[in-house]
Amino acid sequence: MTDFDSNPLTNPYSPAPRFTWPDGKKCAVMVCFDVDGETTALSEDPALANRLTTMSQCTYGPTVGVPRILGLLKHLSVPATFFIPTYIVENHPRMTEAIADAGHEIGAHGHLHEKLADLDPEEEEEILQKSISILKKFTGTEPLGYRAPWFEINPGTPDLLQEYGFLYNASMMGDDVPFLHDNGLVEIPGQWMLEDWEQFAFNAEPAWGVIPEDCDKVFKLWWREFEAMRHYGCCFVLTLHPWLSGRPSRVQLLEHILSKIQEYGDAWIATGTEIASWVLGNPSARREVDFDRGGSA
Ligand SMILES: [Zn+2]
3 MTDFDSNPLT NPYSPAPRFT WPDGKKCAVM VCFDVDGETT ALSEDPALAN RLTTMSQCTY
63 GPTVGVPRIL GLLKHLSVPA TFFIPTYIVE NHPRMTEAIA DAGHEIGAHG HLHEKLADLD
123 PEEEEEILQK SISILKKFTG TEPLGYRAPW FEINPGTPDL LQEYGFLYNA SMMGDDVPFL
183 HDNGLVEIPG QWMLEDWEQF AFNAEPAWGV IPEDCDKVFK LWWREFEAMR HYGCCFVLTL
243 HPWLSGRPSR VQLLEHILSK IQEYGDAWIA TGTEIASWVL GNPSARREVD FDRGGSA
């Protein structure tokens, strides 16, 4: 599979796993889709509504990417977590319904993909309330998971999420297994390396991204990280945007990653709420490594 595989080590470094996962699984896998669609452009500048080509590239996510991705997830029987700005929920209600009907989790992701750092605490709370009520209206339930637009949260965000009944946040990057905030909110951390924007985003004007990467190269990047996270007992959080990863070759890339993970048979592929529930029900599952929190290598 990789260059690493053709050069196996006789005595690999194998510390105790970072986390104890259900049924003796070696690692956890959370497949996330941030269905930003048109809010990708509109949250940057509402005037982009008149840039029909730019807008159509964003619309491709909800209208073509999501159906293809849902088909693949059904084909593989893989559960996923979709974080959807509620502007998208309102404008693509049947898409939202199809995601929920397929049994996937739907989490909150702002209304118009607002950057939390630009909001004062009152505005942040107002948008959170609005997104919860729209999600409840369209899906019948209040969200338990939250992913901040651009992954960035404010100091008050964890308490706000706990106040509004969230089980977990999936926005921070300071670990590779879940942890608890001081208020008991679960954090399921991600990382930029396992995000598709850096690999695939491109728009001429406004300028987004650099050069769309070769899927073979991205497969190698993500697969190598998965194998290492499996080795160390981590939580592999892959974050994809349907307007990028719904394109044909990238859906096949995802199919290869998920199929190879399933072939191992020892990775727990779960939704955010399933992972958060496991974390809350098994307080000793996490092995601390931070020396300043009493951990050890
Ligand atoms: Zn987003």
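The sequence shown begins at 3 in our numbering and counts up by one. Every residue gets a Cβ at the ideal spot worked out from N, C-alpha and C, and that includes glycine. Values in this document were obtained by computation on a predicted structure and should not be read as measured data.
Checklist entry - In whole angstroms, what is the alpha-carbon distance linking H94 and W194? => result Spanning the alpha carbons of H94 and W194 requires a straight line of approximately 27 Å.
Checklist entry - Roughly how many whole angstroms lie between the Cα atoms of T22 and E127? => result Looking at the backbone, the Cα of T22 and that of E127 are separated by about 35 Å.
Item to check | Pick from F168, L118, P157 and M175 that is closest to P151, judged by C-alpha positions | outcome: Checking every option, the nearest Cα to that of P151 belongs to L118.
Item to check | Cutoff 6 Å; reference H309; Cβ partners in own chain excluding five residues on either side | outcome: The question about residue 309 has no answer here: the residues shown for the chain are numbered 3 through 299.
Item to check | Other residues of its chain near G296: CB distance less than 7 Å, five sequence neighbours each side excluded | outcome: Result list for G296: E290, in chain order.
Next on the checklist: Tell me which residues pass a beta-carbon proximity test against ligand 1: closer than 6 Å to any heavy atom, given in chain order.
Outcome noted: If you measure from each CB to the nearest heavy atom of ligand 1, the residues under 6 Å come out as D36, D38, H111, H115 and P151.
Item to check | Assumed close pair A30, I259 - CB separation to whole angstroms, cut-off 8 Å | outcome: Rounded, the Cβ-Cβ distance is 15 Å, inconsistent with contact.
Checklist entry - First and last residue of the beta strand (DSSP E) that includes G109? => result Boundaries of the beta strand (DSSP E) harbouring G109: E107 to A110, taken from the DSSP string.
Checklist entry - Going by DSSP, which residues form a beta bridge with Y148? => result Under DSSP, Y148 forms a beta bridge with A110 and N171.
Next on the checklist: Check for me: the beta strand (DSSP E) holding W270 runs from which residue to which?
Outcome noted: Run containing W270: A269 to I271, per the beta strand (DSSP E) assignment.
Checklist entry - Given that a residue counts as buried once 16 or more other Cβ atoms are within 10 Å of its Cβ, and exposed if not, what is R96? => result Exposed, because fewer than 16 other Cβ atoms sit within 10 Å of the Cβ of R96.
Item to check | Through-space distance from F204 to P214, alpha-carbon basis | outcome: P214 and F204 have their C-alpha atoms some 6 Å from each other.
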